[in-house]
Every structure is written in structure tokens, then in C-alpha cells.
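Okay, structure first, notes after.
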Amino acid sequence: MSLDKTVPSAAAAVADIPSGASIAVGGFGLAGIPWFLIEALLDQGADDLTVASNNCGVDGAGLGLLLERGRISRVIASYVGENKEFARQYLAGELTVELTPQGTLAERLRAGGSGIGAFYTPTGVGTLVAEGGLPWRYHPDGTVALASPPKEVRTFHGREMVLEESIVTDVALVRAAVADRAGNCVFHASARNFNPAAAMAGRLTIVEAERVVEVGEIGPDEVHLPGVFVQRVVALTPEQAARKDIEKRTTRGERPAGAQEES
Numbered sequence: 001m002s003l004d005k006t007v008p009s010a011a012a013a014v015a016d017i018p019s020g021a022s023i024a025v026g027g028f029g030l031a032g033i034p035w036f037l038i039e040a041l042l043d044q045g046a047d048d049l050t051v052a053s054n055n056c057g058v059d060g061a062g063l064g065l066l067l068e069r070g071r072i073s074r075v076i077a078s079y080v081g082e083n084k085e086f087a088r089q090y091l092a093g094e095l096t097v098e099l100t101p102q103g104t105l106a107e108r109l110r111a112g113g114s115g116i117g118a119f120y121t122p123t124g125v126g127t128l129v130a131e132g133g134l135p136w137r138y139h140p141d142g143t144v145a146l147a148s149p150p151k152e153v154r155t156f157h158g159r160e161m162v163l164e165e166s167i168v169t170d171v172a173l174v175r176a177a178v179a180d181r182a183g184n185c186v187f188h189a190s191a192r193n194f195n196p197a198a199a200m201a202g203r204l205t206i207v208e209a210e211r212v213v214e215v216g217e218i219g220p221d222e223v224h225l226p227g228v229f230v231q232r233v234v235a236l237t238p239e240q241a242a243r244k245d246i247e248k249r250t251t252r253g254e255r256p257a258g259a260q261e262e263s
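Heads up: the sequence shown is residues 1 to 263, going by the UniProt record's numbering.
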């Protein structure tokens, strides 16, 4: 018996995401982000969203589009990155931001998908991450409106560790290089990044795939994300699949003919 999880479009895939939903989003910077699911959600109109993602896109692209329209009220991320609007909203008191160490964020998502309620890690011990006081939200005058609470610290094997709660979200949006109709996914190179962890954290996980194949075409040892974590698959067109922007393009100028490389 075959289970076909494909849906006809990104719009259909996100149509029932309500305002106030929490959403885990894959990607790192702009690498491996679910471009078309994000844009479909923008068109759909849901707001007051809580987003758990490594960062919040850039100005004018990715999650930055939702941010610019005021659709996001809270972000759980590891850094502000290249997004000036993200920084502006945070400092102006318009956005709640729970900054989390990058590895801790990845593990919080993975743990949520694994049914683990919380875990201990040495990352953040002796800092505001553990002791509390990180500004989560500012007043418009720049004073702190909401700060992080202190976390439990215990000693294991002679080393202090801080307790971090896992993350489970209502929805997860991810992008895969290849997916079969049952939702088994393969990610390409660095685009794998946060995608498997984000997918695991969502109660409803939606994948946009650059290529969709029949069940059995992906070898068992090639699967990066089992289909058990996926509920909907959207097949991208070849033109959509080719869209892979980056934050900054940095190139080296051509060397004059006959010039030697410096040792």
C-alpha cells in the first residue's frame, strides 16, 4: 500500500496554518530555506506567528518578508544576521527575540522531535543564557521589557550543565533536494543544515522538494529524513528548484595574464 503525501501547490499546503501558530523553519541564512512555502504563507495572511529558525532571513527575502509585513511576533533564533529590519524591530520593542546558542537551538528542535522534554548542556553555563537576564523584548525607550529567566544548572561528571527545554512547534516548513511521495527526504550538502531538525520539531511538517520521485527510488541508506516526520510534500517546478540565492556574493578578481600566485 502506498501513502501519497503530495499536495498540488504551496498555497494548498499552508492554507490551514492559523494565526498565532508556532513554526519551525529550516535553512541557514538563505541556504536551504523553503522559499515558496514562506511566500505562500505570506500570501495566505496568517499573523502573530512564533518562528523557530537559525535566523530570520534577510531584508526582502525568506522570513524577512514575513517580518517586514509584521506577521511575526516572536522569534527563537541563534543570531540576528544580515537582517536590518529584524534588528530594528527587536531594538524598537516590536518583536520578542529569544536568542539561543546555535548548537543548543539545533538540539532543542531535534529533541522536540524525539520526544525528549529537556536536556542538559554545558553551553551557556556562567553566562546570561543560564543566569537569566538576556533581553527578550525591549520597551520603545530602550529599557528591557522582558528578560530571560534563570535556568537550572546541575553538575554531571564534574562539569556544570544548564537545562534547556526542547522545542515542539505546530508546523515545520523545510526544503529538500529530493523527496518521495511518502515524505522520505534527501538534502543536498550544506542545505541539510537545520532542515532535518526543524522537520522533526513540527507536529505538521511540510516539505517543498526540488524533485519528487516514487516510493522506492530513494535507497534506505540515502534517506536523511524519514517520511514518518513529514505530512505534506510540494513538488517544485524546475524553475522554482533553480532558485538558490545567497546573502552576499564575494568573488576574486581575475589575475593578470602571467601573474603568479602568492605563496
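Where a beta carbon is used, it is the ideal one built from N, C-alpha and C, also for glycine.
Since I believe residue j is in contact with residue i (beta carbons under 8 angstroms), could you give me their beta-carbon distance rounded to a whole number of angstroms?
{"i": "residue 152", "j": "residue 134", "result": "Going by Cβ atoms, the distance from residue 152 to residue 134 rounds to 16 angstroms, so no, they are not a contact pair."}
{"i": "residue 182", "j": "residue 3", "result": "5 angstroms"}
{"i": "residue 37", "j": "residue 222", "result": "About 23 angstroms separates the two Cβ atoms, so there is no contact after all."}
Quick one: grab the DSSP three-state call for residue i.
{"i": "residue 104", "result": "helix"}
{"i": "residue 82", "result": "coil"}
{"i": "residue 24", "result": "strand"}
{"i": "residue 178", "result": "strand"}
{"i": "residue 49", "result": "strand"}
{"i": "residue 15", "result": "coil"}
{"i": "residue 1", "result": "Because residue 1 carries a pLDDT of 40, less than 50, the predicted location of this residue cannot be relied on, and the following value inherits that uncertainty. Coil at residue 1, not helix or strand."}
{"i": "residue 88", "result": "helix"}
{"i": "residue 99", "result": "strand"}
{"i": "residue 94", "result": "coil"}
{"i": "residue 69", "result": "coil"}
{"i": "residue 163", "result": "strand"}
{"i": "residue 187", "result": "coil"}
Would you kindly work out how many angstroms separate the C-alpha atoms of residue i and residue j, rounded to a whole number?
{"i": "residue 33", "j": "residue 200", "result": "16 angstroms"}
{"i": "residue 178", "j": "residue 142", "result": "46 angstroms"}
{"i": "residue 96", "j": "residue 237", "result": "36 angstroms"}
{"i": "residue 315", "j": "residue 195", "result": "Outside the displayed span of the chain (1 to 263) sits residue 315, for which this structure offers no information."}
{"i": "residue 35", "j": "residue 103", "result": "24 angstroms"}
{"i": "residue 64", "j": "residue 157", "result": "42 angstroms"}
{"i": "residue 42", "j": "residue 66", "result": "6 angstroms"}
{"i": "residue 224", "j": "residue 139", "result": "43 angstroms"}
{"i": "residue 72", "j": "residue 169", "result": "14 angstroms"}
{"i": "residue 171", "j": "residue 120", "result": "25 angstroms"}
{"i": "residue 125", "j": "residue 161", "result": "6 angstroms"}
{"i": "residue 215", "j": "residue 87", "result": "44 angstroms"}
{"i": "residue 19", "j": "residue 10", "result": "17 angstroms"}
{"i": "residue 211", "j": "residue 147", "result": "44 angstroms"}
{"i": "residue 154", "j": "residue 122", "result": "10 angstroms"}
{"i": "residue 218", "j": "residue 159", "result": "43 angstroms"}
{"i": "residue 91", "j": "residue 25", "result": "23 angstroms"}
{"i": "residue 173", "j": "residue 198", "result": "8 angstroms"}
List the endpoints of the continuous beta strand (DSSP E) containing residue i.
{"i": "residue 265", "result": "One cannot answer for residue 265 here, as it falls past the ends of the chain, which runs 1 to 263."}
{"i": "residue 168", "result": "Note, residue 168: premise wrong, no beta strand (DSSP E); not H, not E."}
{"i": "residue 76", "result": "72 to 77"}
{"i": "residue 153", "result": "153 to 156"}
{"i": "residue 118", "result": "118 to 121"}
Under DSSP, the alpha helix (DSSP H) around residue i begins and ends at which residues?
{"i": "residue 36", "result": "35 to 44"}
{"i": "residue 146", "result": "Element bounds for residue 146: not the alpha helix (DSSP H) but the beta strand (DSSP E), 144 to 147."}
{"i": "residue 128", "result": "128 to 131"}
- Query: Which parts of the stretch 191 to 254 are runs of the alpha helix (DSSP H), unbroken and 4 residues or longer, counting only runs that do not cross its ends?
  - Reply: Taking only runs of at least 4 residues, the alpha helix (DSSP H) segments lying wholly in the stretch 191 to 254 are 195 to 201 and 238 to 241.
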